[in-house]
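Below is one structure, written out as structure tokens, with a few remarks after it.
Residue numbers (UniProt numbering): 1 to 168.
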């Protein structure tokens, strides 16, 4: 049997600056912009871990703790915390930094489920995650719970998409 390799997860840091086109009428970053940036960070973490292309399968609930303002520097820290056979869970922490004072604020944390896909677009096997430290073990267990919740939702066919679309 072809055993899947075991790998450490890299910590990914993705940085940007918040520009006027990314903000709303309150001068704070659109939530969708934050989510898109988190999605890209999750994809980079997943690709660097499995060295294969990935797609986003789902996200868990994301609550914004503090706003990100126009002109702030934004950092996304992302790492793989759980792996299945073809899917993985990535944790992403969003941080904002005042560029003048250097004050950093933790804005939110998200968990994204990513699936590795081959050139045919079908799920493909990924490496196993090396879990060595107590923190990595706690992350793994948290990721396993998230994976179980996702599986329960899929089995219950509790799709977030309504049966009928909104109409004009």
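Note that CB positions come from ideal geometry on N, CA and C, so glycine has one too.
Scanning its chain for C-beta atoms nearer than 7 Å, with the 5 sequence neighbours on each side dropped, one finds around residue 9 the residues 49, 79, 80 and 129, in chain order.
Counting of Cβ neighbours within 10 angstroms places residue 22 among the buried residues, the total reaching 16 or more. The Cβ atoms of residue 82 and residue 92 do not sit closer than 7 Å to each other. The three-state secondary structure of residue 142, taken from DSSP, is helix. By DSSP's assignment, residue 57 forms no beta bridge with any residue.
Taken in chain order, the complete beta strand (DSSP E) segments of 3 or more residues contained in the segment 18-100 are 53-59, 73-83 and 87-97.
With respect to residue 14, residue 114 sits apart: the two C-beta atoms are not nearer than 7 Å. DSSP places residue 129 within a strand segment (E or B) once states are collapsed to three.
In the DSSP annotation of this structure, the continuous segment of the beta strand (DSSP E) that includes residue 109 starts and ends at 104-117. Taking residue 94 as reference, the option from 106, 123 and 168 with the minimal CA-CA separation is 106. The segment 54-68 makes no contact with the segment 134-143, as fewer than three CB pairs between them are under 8 Å.
The straight-line gap separating the alpha-carbon atoms of residue 70 and residue 56 is approximately 28 Å.
In the displayed model, residue 134 falls within a helix according to three-state DSSP. Beta bridge pairing from DSSP links residue 15 with 75.
Here the C-alpha atom of residue 96 lies approximately 6 Å from the C-alpha atom of residue 68.
If you draw a straight line from the Cα of residue 141 to the Cα of residue 148, it comes to about 11 Å.
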